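**Student:** Here the protein sequences come in this chain order: A and B.
Under the working numbering, read the first sequence as residues 8 to 253, first letter to last.
Under the working numbering, read the second sequence as residues 56 to 350, first letter to last.
Note that the Cβ used here is the ideal one computed from N, Cα and C, for glycine as well.
Given the structure is predicted, the values throughout are model-derived calculations rather than measurements.
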Amino acid sequence: MRRRVILGLACAIASVVLGAAAAFETRATKLQAIKTVGIVSAIGEEMSLTRAGLTGLGNTAQSTSISAWGLDELIVQQATKLLSGRFRVQPVTYRRAAFAAIRDSAVAPVNLLRSDPFKELVRTDVAPQGLDAYIVITRAKSKLGNGRNVEGVGLAQYRTLLADYGLIHALYEVRVIEGKSFDVIEKRAAAPLDNTGTMRLAGPSGQIDETFEGPASSERLRAAIADLITRSLPVTLGDMHLIDGQ
Amino acid sequence: MKHIDEAALRLTVNARWTTACLAALGAIMATAQSASAQTAFTLPAPPFELPMLPSPSGNWTVMVGIGGEYTPDFVGSKNGKFLPIPIFTIRRAGSIDQFRGPRDSASIALLDVGNFRAGPAFKYVSSRKSSKYAELTGLGDVKAAYELGGFVEYYPVDWLRLRSELRQGFDGHTGTVADVSADVIVPLIQRLTISAGPRFTWKSTKATAPYFGVDAAQALASGLPMYNARGGAHSVGFGSQISYRINPQWEVHAYVEYEKLLGDAADSPLVKLRGSSNQTTVGLGASYSFDFRIR
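1) Can you give the beta carbon distance from isoleucine 73(A) to methionine 54(A), rounded, assuming they're within the 8 Å contact cut?
2) Say the cut is 7 Å; is the CB of serine 91(A) nearer than that to a heavy atom of the ligand SAH?
3) Who pairs with arginine 238(A) in a beta bridge, going by DSSP?
4) By how many angstroms is the C-alpha of phenylalanine 177(B) removed from the C-alpha of alanine 282(B)?
5) Counting along the chain, where does the beta strand (DSSP E) carrying glutamate 202(B) start and finish?
6) Sort Pro124(A), Leu16(A), Gln136(A), Val181(A) by Cα distance to valine 242(A) and report the nearest one.
7) Determine the chain A residues that contact glycine 283(B) at a beta-carbon separation under 8 Å, and present them in chain order.
8) Determine, using beta-carbon pairs with one atom in the region 168-182 of chain B and one in the region 194-211 of chain B, whether at least three such pairs fall under 8 Å.
9) Using the beta-carbon of each residue, which ones in chain A are nearer than 7 Å to proline 141(B)?
10) Could you name the residues that DSSP lists as bridge partners for proline 139(B)?
11) Identify every residue that forms a DSSP beta bridge with tryptophan 115(B).
12) With distances taken between CB atoms, is the gap from alanine 288(B) to leucine 317(B) smaller than 8 Å?
13) Which same chain residues, not among the five before or five after serine 323(B), have their C-beta less than 7 Å away from its C-beta?
14) Taking Cβ-Cβ distances shorter than 7 Å, what residues in chain B pair up with proline 116(A)?
15) In the DSSP assignment, the beta strand (DSSP E) including glutamate 158(A) goes from what residue to what residue?
16) Who are the near neighbours of phenylalanine 293(B) in its chain, counting only those whose CB is closer than 6 Å to its CB and skipping five residues on each side?
17) Any C-beta of chain B sitting closer than 8 Å to the C-beta of arginine 110(A)?
18) If you draw a straight line from the C-alpha of lysine 126(A) to the C-alpha of glycine 65(A), how long is it?
19) With contact counted as at least three CB pairs below 8 Å, one residue from each stretch, are the region 208-216 of chain A and the region 146-158 of chain A in contact?
20) Just tell me which of Gly161(A), Lys88(A), Ser112(A) has its CA closest to the CA of alanine 68(A).
21) Let me see if you follow: with CB-CB separation under 8 Å, is valine 241(B) close to chain A or not?
22) Helix, strand or coil for cysteine 76(B)? Go by DSSP, reduced to three states.
23) Give the single residue among Asp201(A), Arg227(A), Thr237(A), Gly159(A) whose Cα lies nearest to the Cα of glycine 113(B).
24) Can you tell me whether DSSP reads asparagine 170(B) as helix, strand or coil?
25) Just to confirm the assignment, what range does the alpha helix (DSSP H) spanning serine 277(B) have?
26) For aspartate 246(A) and chain B, any beta-carbon pair shorter than 8 Å?
27) Can you grab the Cα-Cα spacing for the pair glycine 51(A) / isoleucine 349(B), in whole Å?
28) For aspartate 226(B), count neighbouring Cβ atoms within 10 angstroms of its own Cβ and tell me buried if that reaches 16, exposed if not.
29) Among the residues of its own chain, which have a CB less than 6 Å from the CB of isoleucine 20(A), if the five just before and after it don't count?
30) Between the region 131-139 of chain A and the region 226-233 of chain A, do at least 3 Cβ pairs fall closer than 8 Å?
31) Determine the closest residue to serine 219(B) out of Asp346(B), Arg155(B), Gly286(B), Pro303(B), with distance taken between C-alpha atoms.
32) Within the same chain, show all residues whose beta-carbon is closer than 6 Å to that of alanine 177(A), passing over the 5 residues directly before and after it, in chain order.
33) In whole angstroms, what is the alpha-carbon distance linking isoleucine 142(B) and serine 342(B)?
34) Judging by CA-CA distance, which residue of Gly63(A), Ala75(A), Arg34(A) is the nearest neighbour of glutamate 226(A)?
35) Looking at the unbroken alpha helix (DSSP H) that takes in glutamate 313(B), where does it start and where does it end?
36) For arginine 155(A), which residues in chain B fall below 9 Å Cβ to Cβ?
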């Protein structure tokens, strides 16, 4: 009896390992088969303004339009440059607002069980169809402090009893969606750029550690956000094995 | 650029803050250039990946450490013991450490809308061996209990956490336990946080009797009077903790939890004659975090 149980367990473990190996092969094979890609970016239309830490009641996050900054165009440009060594990148058209409007469910298992909402959007909204894959870059979420979520591009202030701290963030995730079946081959949120700060977000962010006033603050903010994106994009695409040498 | 300038003017309440933040960018340009990924080591990509699960490639943070806790020998005891507590966590780099109270059960937030979280909770209650402590002589052993249930957590403001747990016991006791707590979380500075707040615990009869009841045989063997412990308000208390992040790698923390037993638990002859209704736990620890990378 015991021998049968052990044999059964061994068979189950072998099946899982072989199945997992097969799954990896499938993912790697799928990536290798990709020749043409289109890039969709939808993180840069709005910037959130958030306060966390010692705040008062009714402290809700606000947002403002930054579409004039052209961050999505910058992302497409940077990603095209990075991916061109391996893929033939073709320009695509899409409704950016439709991609930006999709949100994860607050109930975590729902996100695991439901079909990825971006699959359908790529199928119906991106032109031209028929490319081998689409790289879709959208907003990601992170906790700030204890009871607050921040997402996408934003400016946050963390208040403590003795000092206030400012943060900028560019939180995004990248999906590789297969162009025929529209399966999500790979999905990855951009990781933090470093571990040198004590205020950490689950994505590219930088701390503002000095206050000054100036007429060109918006330009500097745009440049700082662009810097976060420019430095994190090669790392993220490298982690996804989409570019070499990372 | 015009959009954000106009918006900042429109948001009258936030105008000063927004302007200050927008203006505070000079230093970013300097710090951003110097920041770079710092990982202790890089591991090769695994030879396979599990279906349905995300690839492990990328940066991970490991936290290792050691702590210690001086806690009552058993609930109701007037003597204490020191327990070493290993600290180990592994998570995606950048995942945020949520505030956690020393009395919180292990839990997973399946529902998370920012200021409201909920999900399953689990607590292990170690066994109570009568042979280990003289006060328990004759009372018999209580097996280890596994409490399964759920939690809800709400932050009306970022610095106030209200948490409640409801758990059903298995094995050592088969009763129901409810914990309610509130914590005011005050970041003094970015690296130093203190928190404190009240606690309350309710237990059903089946969760109380195995630890505080004395049946006829036990009365005979222990010399304690027979006692029928029923459920109800179990304890009220107060807890406080402090954590200081020395640098991004090192963190130290300390906490104290005081609990006053109530109701039938406090009136139990085990507590009244041989123990104490005042229960204090003191703990401290240090941890070191480092990042590694999987290709």
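**Tutor:** Checking against the coordinates, here is how it stands:
1) 5 Å
2) This structure lacks the ligand SAH; in fact it carries no ligand of any kind.
3) Paired residues: none, contrary to the question.
4) Sequence inspection shows tyrosine at residue 282(B); the alanine mentioned does not correspond to that position. Approximately 30 Å between the Cα atoms of the pair.
5) 200-212
6) If we check each option's Cα against that of valine 242(A), Val181(A) comes out closest.
7) Correcting the residue type first, residue 283(B) is asparagine in the shown sequence and not glycine. Going along chain A, no residue has its Cβ under 8 Å from asparagine 283(B), so there is no contact; the nearest lies around 43 Å.
8) yes
9) Neighbours of proline 141(B) on chain A: none; closest Cβ ~22 Å, over 7 Å.
10) Gly123(B)
11) Arg147(B), Phe347(B)
12) Contact flag set, yes.
13) Gly131, Phe267, Tyr282, Ala284
14) Leu165
15) Note, glutamate 158(A): beta strand (DSSP E), 155-158.
16) Sequence-distant Cβ neighbours of phenylalanine 293(B) in its own chain, meaning closer than 6 Å and more than five residues away, are Pro253, Tyr313.
17) no
18) 36 Å
19) yes
20) Gly161(A)
21) yes
22) In this prediction, cysteine 76(B) has a pLDDT of 42, which is less than 50 and means its spatial position is unreliable; nothing more can be read from the coordinates.
23) Glycine 113(B) has its Cα closest to that of Asp201(A), out of Asp201(A), Arg227(A), Thr237(A), Gly159(A).
24) It is coil, neither helix nor strand.
25) 271-277
26) yes
27) 29 Å
28) exposed
29) No residues qualify anywhere along the chain.
30) In this structure the region 131-139 of chain A does not lie against the region 226-233 of chain A, because fewer than three pairs of beta carbons, one per stretch, are closer than 8 Å.
31) Arg155(B)
32) Val160, Pro211, Ile232, Leu235, Ile236
33) 7 Å
34) Ala75(A)
35) Going by the sequence as given, residue 313(B) is tyrosine instead of glutamate. It is not in any alpha helix (DSSP H) - tyrosine 313(B) instead sits in the beta strand (DSSP E) that spans 305-316.
36) Around arginine 155(A), the beta-carbon contacts reaching into chain B at under 9 Å are Gly169, Asn170, Tyr210, Asp213.
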